[in-house]
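Asks: In the working numbering, the protein residues as written are 625 to 1014.
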Ligand SMILES: [Zn+2]
């Protein structure tokens, strides 16, 4: 043990001294910088009442950088409980330490590195070595948040995300779970999510869809893009083939395909996608179908821009706006006695039921308006989402 410091002087370790020159030159550790700058900066140290000491006597770090083994022992049991591939360290220091450091670094012209940064980096490297997991500064599976005020920690376990496309083959389930409903009520979200949650031993799940269809609308063709997110997963290396097979063989009216692992930013990009969609609609007429008049009406709508005020049925969820939407094409596929099947290709976000029934004049023009008699959609399917410029 060295002797106590003289009254009025404060100890500083070589690392914390070196860190005050953290922005000077690259390829050096702060310990090396400490040695390099000792000859040129030594006088200033002394003039300001500092003396180089061992780590434990350092007025900034208090020997913190010697405690990595202790911290590791503290968290290792919890680290062992979950599967992760990448890791990052974050930290909270007490305000006094940060202020003491700032005052010290000011003496040398504020060209230093913050103790938090050095700690996060160095303890991150240490954890990487001990666990064999790579550091990831952007989207780590696991973030270890060290609170150095209380020698405590918190683990942040990143959600696991899987991208895919789904088809919904039934007309009685919503895309996502309804709040206030039991989780046992089926939805596209729960049919995929329950299986994925079990596989990953996660806490909860959420489905993020690239738009949504109504409960009574089937989603066919090439399927709709989605990302299923499971929170706080214990397992990450799960078989997506198995997930797909289990969902599809469950025959619950949802089929998934094109699965791949994804990340949070993919959620934003699929949510923002604006692809044309093609629909097949069965239309109900009040009397017999006037085939000639129907063909006239569909031809009039093809290639036209329409104006849709937010439908009454969704006005509690969406703001009341008038949206201009491009109707690319409308064609008649089949004519029955009082029904007809038509095919529509329209810009993303077009309300198809309202395009047909006119929504009491809120959609203009509409098929009802051009045909001259009230028309209703009996059933509707999304048959293709034009994702690839097709
Ligand atoms: Zn120190």
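For glycine and all other residues, C-beta sits at the position ideal for the given N, C-alpha and C. Only a predicted model underlies this, so the values are computations on that prediction, with no experimental measurement involved.
So, at 7 Å on beta carbons, what are the nonlocal neighbours of residue 703 in its own chain, with the 5 sequence-adjacent residues on each side left out?
Replies: Taking the first residue of the chain shown as 1, we reach residue 703 at position 79. Same-chain partners within the cutoff: 755.
Asks: Apart from the five residues on each side of it in sequence, which residues of its chain come closer than 6 Å, Cβ to Cβ, to residue 837?
Replies: Here residue 837 corresponds to residue number 213 of the chain shown, with the count starting at 1. Result list for residue 837: 843 and 1006, in chain order.
Asks: Using DSSP bridges, identify the partner residues of residue 710.
Replies: As a position in the chain shown, residue 710 is number 86, starting the count at 1. BP columns for residue 710 point to 758.
Asks: Please confirm whether any heavy atom of ligand 1 lies closer than 8 Å to the CB of residue 709.
Replies: Looking up residue 709 in the chain shown gives position 85. For ligand 1, not one heavy atom lies less than 8 Å from the Cβ of residue 709.
Asks: Opposite residue 848 in the DSSP bridges: which residues?
Replies: On the chain shown, position 224 is the one that residue 848 refers to. Residue 848 pairs with 790.
Asks: Can residue 1072 be considered in contact with ligand 1, in the sense that its beta carbon sits closer than 8 Å to one or more heavy atoms?
Replies: Absent from the structure is residue 1072, since the part of the chain shown begins at 625 and ends at 1014.
Asks: Mind reading off the beta-carbon distance from residue 847 to residue 881? Whole number of angstroms is fine, and I expect it under 8 Å.
Replies: Position 223 of the chain shown holds residue 847. Position 257 of the chain shown holds residue 881. Going by Cβ atoms, the distance from residue 847 to residue 881 rounds to 6 Å, so yes, they are a contact pair.
Asks: Mind checking residue 931: buried by the 16 CB within 10 Å criterion, or exposed?
Replies: Along the chain shown, read from residue 1 onward, the residue named residue 931 stands at position 307. Answer is exposed; the Cβ neighbour count stays below 16.
Asks: Give me the pocket residues for ligand 1, defined as CB within less than 5 Å of any heavy atom, sorted by chain position.
Replies: Those satisfying the condition are, in chain order, 637, 640, 682, 684 and 685.
Asks: Does DSSP put residue 625 in a helix, a strand or coil?
Replies: On the chain shown, residue 625 is found 1 positions in, with the first residue counted as 1. For residue 625, the predicted structure reports a pLDDT of 43, less than 50, and the residue's modelled location is therefore unreliable. A value from the coordinates is still provided. Reduced to three states, the DSSP call for residue 625 is coil.
Asks: Return yes when the Cβ of residue 900 is within less than 9 Å of the Cβ of residue 952, no when it is not.
Replies: Counting from one through the chain shown, the residue named residue 952 turns up at place 328. Counting from one through the chain shown, the residue named residue 900 turns up at place 276. Contact: yes.
Asks: With DSSP as the reference, please indicate the residues paired to residue 784 in a beta bridge.
Replies: Locating residue 784 in the chain shown gives position 160, where the first residue counts as 1. Paired residue(s): 854.
Asks: Please state whether the Cβ-Cβ distance between residue 785 and residue 816 is less than 9 Å.
Replies: Against the chain shown, residue 785 aligns to sequence position 161. Against the chain shown, residue 816 aligns to sequence position 192. Cβ atoms of residue 785 and residue 816: not closer than 9 Å.
Asks: Going along the chain, which residues of its own chain have a beta-carbon closer than 6 Å to the beta-carbon of residue 821, five neighbours each way excluded?
Replies: Counting from one through the chain shown, the residue named residue 821 turns up at place 197. Correct list, in chain order: 829 and 854.
Asks: Check whether the Cβ atoms of residue 699 and residue 779 lie closer than 9 Å to each other.
Replies: If you number the chain shown from 1, residue 699 lands on position 75. If you number the chain shown from 1, residue 779 lands on position 155. Yes, the Cβ-Cβ distance between residue 699 and residue 779 is below 9 Å.
Asks: Just the C-alpha distance for residue 980 and residue 706, rounded to the nearest angstrom, thanks.
Replies: Looking up residue 980 in the chain shown gives position 356. Looking up residue 706 in the chain shown gives position 82. Taking the straight line from one Cα to the other gives about 52 Å.
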